[in-house]
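Step one of this worksheet: look at the structure below.
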Amino acid sequence: MDNTKQFTALYWVLFVISIVTLVIAYIFAGGYASLVLPFNFTFMAKALDLM
Numbered sequence: 000m001d002n003t004k005q006f007t008a009l010y011w012v013l014f015v016i017s018i019v020t021l022v023i024a025y026i027f028a029g030g031y032a033s034l035v036l037p038f039n040f041t042f043m044a045k046a047l048d049l050m
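With numbering that gives the first Met the number 0, letter number 14 in the sequence shown gets 13, and the count goes up by one each step, no holes.
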């Protein structure tokens, strides 16, 4: 159980980092911001323990 919570916390951190990366990519290279979206959705699903 504790091991799952550690990974969940890690995935929340990675999700926040991917959101920041998405915003930065959108500001500087708008057309390429969609390349970050798979990371956003994957880390969000793993943080919510859907995968």
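Quick reminder that beta carbons are idealized off the backbone N, C-alpha and C, glycines included. Only a predicted model underlies this, so the values are computations on that prediction, with no experimental measurement involved.
> Could you give the distance in angstroms between the alpha-carbon of Ala32 and the alpha-carbon of Val12?
Replying inline: 19 Å
>> To the nearest angstrom, how far is the alpha carbon of Thr20 from that of Thr7?
In response: 20 Å
>> Which same chain residues end up closer than 7 Å to Phe38 when comparing Cβ atoms and leaving out the 5 residues on each side of it in sequence?
In response: Ser17
> Three-state secondary structure (DSSP) at Met50?
Replying inline: Three-state result, Met50: coil.
> When the Cα atoms are used, what is the spatial distance from Gly29 to Phe42?
Replying inline: 21 Å
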